[in-house]
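So the protein sequences, as listed, match chains R and C.
Here the first sequence is numbered in our numbering, starting from 951 and rising by one per residue.
Here the second sequence is numbered in our numbering, starting from 6 and rising by one per residue.
Ideal Cβ positions, reconstructed from N, Cα and C, are used throughout, including at glycine.
Note that the coordinates shown come from a computational prediction; the quantities given were computed from them, not determined experimentally.
Everything below concerns the one structure shown next.
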Amino acid sequence: MLHIAVCIKQVPDSREMRIDPKTNTLIRQGAPAIVNYFDLRGLEAALQLKDEFGARVTVLTMGPPSADKAIKECIAMGADEGILVSDRGFAGADTLATSYVVGQTIDKAGEVWGPVDLVFCGKQTIDGDTGQVGPGVACRLDYEQLTYVEKVESFDPNTREIVVHRHLEDGVERVQAKLPALITALAEMNKPRRASLPGVLRAARYQPIVWTTNDFTDLDRSKIGLRGSPTVVGRSWVPEQKPVNTKILTGDTVNQVAEDLFTALFATELPGKLGWVQEG
Amino acid sequence: MAEEKKSRPAVGLQPEGDVDWSQYRGILVVVEQRDGVAKKVSWQLLGEARRMADKLQAPLMALVLGHQVGHLVKEAFAYGADQVFLSDAPILQDYRTRSYSRVCLQVIREYKPEIVLIGATYTGRDLAGAIATHVPTGLTADCTQLDVDENRLLNATRPAFSEKMVATILCKQFKPQMATARPGVFAALPRDDARSGQVIEIPPQIEESEIGTRVLEFIQERQGINLEDAEVIVAGGRGVGSPEGFRLLQELADVLGGVVGATRPVVEAGWIGHEHQVGQTGSTVRPKLYIAAGISGAVQHVVGMQHSDYIVAINKDPEAPIFSGAHYGIVGDLFEVIPALITAAKARKTTHVS
Ligand SMILES: Cc1cc2nc3c(=O)[nH]c(=O)nc-3n(C[C@H](O)[C@H](O)[C@H](O)COP(=O)(O)OP(=O)(O)OC[C@H]3O[C@@H](n4cnc5c(N)ncnc54)[C@H](O)[C@@H]3O)c2cc1C
C-alpha cells in the first residue's frame, strides 16, 4: 500500500503571542498551540490520496511532549498513525538539525510500516517562517523535491508518477515527478476537512507513538539538537515601532475627502516614484 | 510499493577531515532567471553584496545558470560582479532542484566562497534549502538586512515571530555562510556596462537520468498579479462584501497603476484568488502605497503590509485597529469613498505613465 508521511509542527497561535515590555522577549506561554496552518493542507492532501487510492498515512512531529495534542488532532481527521519524536537531545535544533531528525524518523517509519513513498510538509511554519525544513528533508532522503505546491493534479499508482502545480511569483508550473517525492503545501491546495465523529472517538483513545533518541539505532548525535545546528542567534530585539502619525481626513463630502487625500499624497515623494503626473 | 532503498548521497554536518576554512573567500550570488530574463532580486543582491565584498576585500562572484543565458553574464558584471560563473546547458532549461543545486555545489566546492546569497523567491528558497543541506552549512531565510563583521561573519538579520521581533543569525563554524534575502529590500547598483571580468564556464555534472522531475509547462499568471513587486496595492477585506465589490477595488487599482490585495477571510470565501492574499499566511508586501478598504487590521494581516511606505485606511468603524498604523485614515463607507477616489485619481492622471 502507498505509504504517505505528513510532517507537522505545533505552533503558538500568533494572535496570542505578545512581547514582554520589560524584558523585550516573547511571551509564548499561554498562547494556545495549533497545528501549523500549512501542515494541515499537507495532511488533507494525503487523506485525499488515501480516499482515492488507499494509503497508510503516518503523521510525525518533532516537539515537546505537549505536541501529542497536535498528533491527536491529525488522527481525528483520519491519519492512521502518529509519531511524536521527543527528547531533550533534539531541543534547540535549527532547520538543518531538524531536517536530519525528520529524515531519520521517516526512514524509521519506513522500516516499521513499509517504505515511505510520499512526504507532505507545509510550505513553511507560521512561527519559524523559513520554508527550509521541507527541502532539507527531501535532500536527506534523496526524494524528488516539489515545493510550493498549490494542487495535486493527478497521481498514477501504476507508473508511480505524480503531477503537481507549483505556484511561483509569476505563474504556475506543472511538474511531473516520480515517487518517492516530497511536497510542500500552499494554503491554496485544499480546505482541510473537519474531524469525523469516529475520528474524534479514535483520537480520544489514541496514544501517539513516542520515539526518543534511544529509539534510533544509528542516530549521529553530532547532527541533532543544538550541537547539530550551524546557525545561532547572535542578537534579537523588538523592532522599534515607528510611531505613525495618523491623519484622519474629514471633509464635508466624500469628494472633498478624496481630493484632500490626493492633495496630501501629491505633497509626498510618491508621485515622483510612481510616475504620477498632476493635471494642469 | 516503494522501490528498494537506493544508496543515498552522504549528507552530514561534519565536513570530511580537517577543513581549512580560510580557503573560503568571497561572496557568491546565484542569479535567478526565467527564459533568459533575470529576476530583479539577483541584481539587488549583487548591489548589497558589492558593499560587503569591498569590506571583506574579497571578490564578488555571480553564478548564471540556465539554457541560452550567456547574455546575463554581461549584466552580472554591469551590476557589480568581479567574476562570473556560467553554466549554460539544455539540461538547465527549466529550474529543477537536482540539476540547479548540483551546479551550485560544483561551484561552491571548487571555488569556495565564504558567503552564498540567493533571492528569497519560491525558486530561490527551494534551491537554497537543498544546497545548504548538501554542503552542509547554516542557512538564514528571508533576510531584510545583511552585513559582515570584523570576524568576517555574515550577520543575517530577519524578522521572527510574525515580525514581532528581529534576529541576527550567525553561522560561525561552517562555510559558506548562506542566506536568502527578500526581493525589494536592497537596491541594485546603477548599471555600468563598462565593467567586465573573468568568465568561468561550469559544465553541469549531471545526467537527465538522475533527475526524477520534468516541467511539463509554465502557465503565466493571467493578470500577472505580483503582489511582492507591486508599487501600489488596493486591498479589500470583509467590508468589501462580495466578489463584485472587488471589481470596484480593481478599478481604483487600475487607475493608480496597482494591483488588488485581500485579507484571508475573503480569499477563503472565494471572493478573490489566493494569490491576492496579504499577511502572515499570504504575501509580505512593501509597496509605496497601500490602500486598505474594509479591513479591520488584524495582526496577521498587518505583518504582511506594515512596511508599506504610505498606508491609507478606509473603514466605517473609527475604532478599527487598521487606523493606528495608517498614515491617512478615512472613516466612512468604502462604497462611497472608493468611487470618489477613482474620480479624483482620474482627474489627476495618476496612472503610471512610464
Ligand atoms: C494562523 C492565522 C493566520 C492568518 N493569516 C492571515 C493572513 O495572512 N492575512 C489576513 O488578512 N488574515 C489572516 N488571518 C486572519 C486574521 O486574523 C483576520 O481574521 C483577518 O485579517 C480579518 O479580515 P478582514 O479585515 O477582512 O475582516 P474583519 O475583521 O471582519 O473586518 C472587516 C472590516 O470591514 C469594515 N467594514 C465593513 N463594511 C464596511 C464598509 N461598507 N465600508 C468600510 N468598512 C467596512 C468593518 O468595520 C471591519 O473593520 C490569519 C489568522 C490566523 C489564525
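I need the straight-line Cα distance from residue i to residue j, nearest angstrom please.
i, j, result
"R968 (chain R)", "I977 (chain R)", "5 Å"
"H312 (chain C)", "H332 (chain C)", "12 Å"
"R1143 (chain R)", "G246 (chain C)", "26 Å"
"R30 (chain C)", "E1138 (chain R)", "42 Å"
"I319 (chain C)", "Y1098 (chain R)", "33 Å"
"I984 (chain R)", "D1077 (chain R)", "11 Å"
"T1218 (chain R)", "L91 (chain C)", "43 Å"
"V304 (chain C)", "P64 (chain C)", "42 Å"
"A375 (chain C)", "V1182 (chain R)", "Outside the displayed span of chain C (6 to 359) sits residue 375 (chain C), for which this structure offers no information."
"L51 (chain C)", "G85 (chain C)", "6 Å"
"D1106 (chain R)", "V1113 (chain R)", "9 Å"
"A7 (chain C)", "P1148 (chain R)", "Because the pLDDT of A7 (chain C) is 42, which lies under 50, any placement of that residue in the model is unreliable, and the question is left without a value."
"V253 (chain C)", "V1194 (chain R)", "The displayed chain sequence assigns Leu, not Val, to residue 253 (chain C). Using only the alpha carbons, I get a separation of about 28 Å."
"M66 (chain C)", "D314 (chain C)", "32 Å"
"V271 (chain C)", "P326 (chain C)", "18 Å"
"L144 (chain C)", "G244 (chain C)", "41 Å"
So what does DSSP say about residue i, is it helix, strand or coil?
i, result
"A94 (chain C)", "coil"
"E1023 (chain R)", "helix"
"N320 (chain C)", "strand"
"P164 (chain C)", "strand"
"Y105 (chain C)", "helix"
"H72 (chain C)", "coil"
"M57 (chain C)", "helix"
"K1223 (chain R)", "helix"
"P1015 (chain R)", "helix"
"R281 (chain C)", "Strictly speaking, residue 281 (chain C) in this sequence is His, with Arg absent from that position. The answer is helix: DSSP assigns H281 (chain C) an H, G or I state."
"P962 (chain R)", "strand"
"K177 (chain C)", "coil"
"D1231 (chain R)", "Since the displayed chain R opens at 951 and closes at 1230, residue 1231 (chain R) lies outside it and no answer follows."
"K45 (chain C)", "helix"
"E1119 (chain R)", "coil"
"G330 (chain C)", "helix"
"P14 (chain C)", "Note that P14 (chain C) scores 46 on pLDDT, short of 50, meaning its location in the model is unreliable and no value can be drawn from it."
Hey, would you say residue i sits closer than 8 Å to residue j, going by beta carbons?
i, j, result
"K1223 (chain R)", "K45 (chain C)", "no"
"D147 (chain C)", "A125 (chain C)", "yes"
"V1204 (chain R)", "V342 (chain C)", "yes"
"S107 (chain C)", "I211 (chain C)", "Checking the sequence shown, residue 107 (chain C) turns out to be Arg, not Ser. Contact flag set, yes."
"K959 (chain R)", "D989 (chain R)", "yes"
"S329 (chain C)", "G242 (chain C)", "no"
"V1007 (chain R)", "A1029 (chain R)", "yes"
"Q1095 (chain R)", "D93 (chain C)", "no"
"L1010 (chain R)", "S1179 (chain R)", "no"
"V36 (chain C)", "A81 (chain C)", "yes"
"Q88 (chain C)", "A192 (chain C)", "no"
"K1128 (chain R)", "G217 (chain C)", "yes"
"G1175 (chain R)", "A1043 (chain R)", "yes"
"V308 (chain C)", "Q285 (chain C)", "yes"
"V1083 (chain R)", "S1036 (chain R)", "no"
"P95 (chain C)", "H76 (chain C)", "no"
"E273 (chain C)", "Q182 (chain C)", "no"
"Q28 (chain C)", "K117 (chain C)", "yes"
"L33 (chain C)", "V121 (chain C)", "yes"
Please list the terminal residues of the continuous alpha helix (DSSP H) segment that includes residue i.
i, result
"P1148 (chain R)", "1147-1155"
"R252 (chain C)", "248-261"
"V308 (chain C)", "Unbroken run through V308 (chain C): none, as it is neither H nor E."
"T1048 (chain R)", "1045-1063"
"T1213 (chain R)", "1204-1216"
"G129 (chain C)", "127-139"
"G299 (chain C)", "Element bounds for G299 (chain C): n/a, residue is neither H nor E."
"R1090 (chain R)", "1083-1091"
If I follow the unbroken beta strand (DSSP E) through residue i, where does it start and stop?
i, result
"G1184 (chain R)", "1181-1187"
"F223 (chain C)", "218-225"
"M1012 (chain R)", "1005-1012"
"P365 (chain C)", "For residue 365 (chain C) there is no data in the structure shown, the boundaries of chain C being 6 and 359."
"F1070 (chain R)", "1068-1072"
"A370 (chain C)", "Look at the range of chain C in this structure, 6 to 359, and you will see that residue 370 (chain C) is not part of it."
"E1100 (chain R)", "1094-1106"
**Report entry** Contact between the segment 1184-1196 of chain R and the segment 1086-1095 of chain R (3+ Cβ pairs under 8 Å)
**Finding:** no
Report task. Taking 8 Å as the threshold, find out whether the segment 1112-1131 of chain R comes into contact with the segment 213-230 of chain C through three or more Cβ pairs. Result -> yes
Report task. Pair every Cβ in the segment 201-215 of chain C with every Cβ in the segment 255-271 of chain C, then say whether three or more of these pairs are closer than 8 Å. Result -> no
Query raised in the report: How about the segment 227-243 of chain C and the segment 182-189 of chain C: do they share at least three Cβ pairs that are nearer than 8 Å?
Result: yes
Query raised in the report: Between the segment 1059-1078 of chain R and the segment 1124-1135 of chain R, do three or more beta carbon pairs fall short of 8 Å?
Result: Touching, yes, given that three or more Cβ pairs across the two stretches are closer than 8 Å.
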